[in-house]
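Colleague: Right, I'll just put the structure down here and ask away after.
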Amino acid sequence: MNQKENISPSQTTTCCYCGVGCGIIVSKDAHQNITLVGDKNHPVNKGMLCSKGMNLHYTVNDKSDRLLYPQMRYNKNMPLQRVSWDVALERTAAVFKTLIKKYGPDSVAFYASGQCLTEEYYVVNKLIKGFIGSNNIDTNSRLCMSSAVMGYKMSLGEDSVPISYDDLELADCLFVSGANPAWCHPILWRRVEAAA
Ligand code: SF4
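Counting in my numbering, the final residue of the sequence shown is number 243, and the numbers go up one at a time with none missing.
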């Protein structure tokens, strides 16, 4: 296979670092390293990226600290060992089963990532609510938004979904309270600055 055949076509996707959701175009170079640029056609960032998004591919290309396979320790005093998926899943299921049998379904819980897709949330909810019979499921999406919800309730009277980004350029006045959008949502703040 020559080097040209190794090059994957570019893929459009979304920067995973923050909730702004900037569009990126990801490609692979001749050495199979991932490269990326901001997507000029994306309605959120129109090709712009902040320093985090701009350097996303360095994180992806560095596999030195990535968990690539299941690890398990047989008790607290033993070191982590590499195991197969079957061994890891069978052990997890056995521990869950033992606890549920002894203390009931509410003795176990799932705490899921905020980065899961809707279908993954559906499956994990179905597993704990429909199969195990407990409501003990939460994700860091809720924890992440809880302070924002309190802020919305205290300042606006109720929780609310974010506005359309198009309103940033249409607004005459923006009220920012208890937040630093230039730091936390840099690409949106650049749009605010440009509109101002
Ligand atoms: S603002 Fe920065 S970190 Fe957030 S999605 Fe855009 S490029 Fe990524």
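Quick reminder that beta carbons are idealized off the backbone N, C-alpha and C, glycines included.
Owing to the predicted nature of the structure, the values given are computational and were not obtained by experimental measurement.
(1) What first and last residue would you give for the alpha helix (DSSP H) that runs through K99?
(2) Should Y64 be counted as a contact of the ligand SF4 given a C-beta to heavy atom distance under 7 Å?
(3) If you drop the 5 nearest sequence neighbours on each side, which residues of the same chain put their C-beta closer than 8 Å to that of D206?
(4) Answer yes if the segment 76-93 comes into contact with the segment 109-120, meaning at least three C-beta pairs across the two stretches below 8 Å, and no otherwise.
(5) If you count every other CB in all the chains shown that lies within 10 Å of the CB of L235, and 16 or more means buried, which is it?
(6) Tell me which residue opens and which closes the beta strand (DSSP E) that I81 is part of.
(7) Among the candidates Y116, M192, H104, G66, whose CA atom is the shortest distance from the CA of I72?
(8) Just checking my contact of I179 with I147 at CB under 8 Å: how many whole Å lie between their CB atoms?
(9) Can you list, in chain order, the residues of its chain with a C-beta nearer than 6 Å to that of A229? Leave out the 5 residues immediately preceding and following it.
(10) Would the C-beta of K93 count as close to the ligand SAH, meaning under 7 Å from any of its heavy atoms?
(11) Hey, Q162 and C63: beta-carbon distance below 8 Å or not?
(12) Rounded to whole angstroms, how far is the Cβ of V239 from the Cβ of L215, which I believe are closer than 8 Å?
(13) Pull up the CB-CB distance for K87 and I81, whole angstroms please, since I reckon it's below 8 Å.
(14) Please state if the CB of V171 and the CB of G159 are separated by a distance shorter than 8 Å.
(15) Tell me whether P56 counts as near the ligand SF4, meaning its Cβ is closer than 7 Å to at least one heavy atom of that ligand.
(16) Do the CB positions of T59 and G68 come within less than 8 Å of each other?
(17) Applying the criterion that 16 or more other CB atoms from any shown protein chain within 10 Å of the CB defines a buried residue, is L83 buried or exposed?
(18) Within 10 angstroms of its Cβ, does G70 collect 16 or more other Cβ (buried), or is it exposed?
Modeller: Considering the structure as presented:
(1) 98-101
(2) yes
(3) V196, Y199, K200
(4) no
(5) buried
(6) 81-85
(7) H104
(8) 7 Å
(9) W236
(10) The ligand SAH is absent from the structure shown, which contains only the ligand SF4.
(11) yes
(12) 6 Å
(13) Wrong, their Cβ atoms sit about 19 Å apart, outside the cutoff.
(14) Residue identity differs from the one stated: residue 159 is Ala in this sequence, not Gly. Yes, the pair counts as a contact, with Cβ atoms nearer than the cut-off.
(15) no
(16) no
(17) buried
(18) buried
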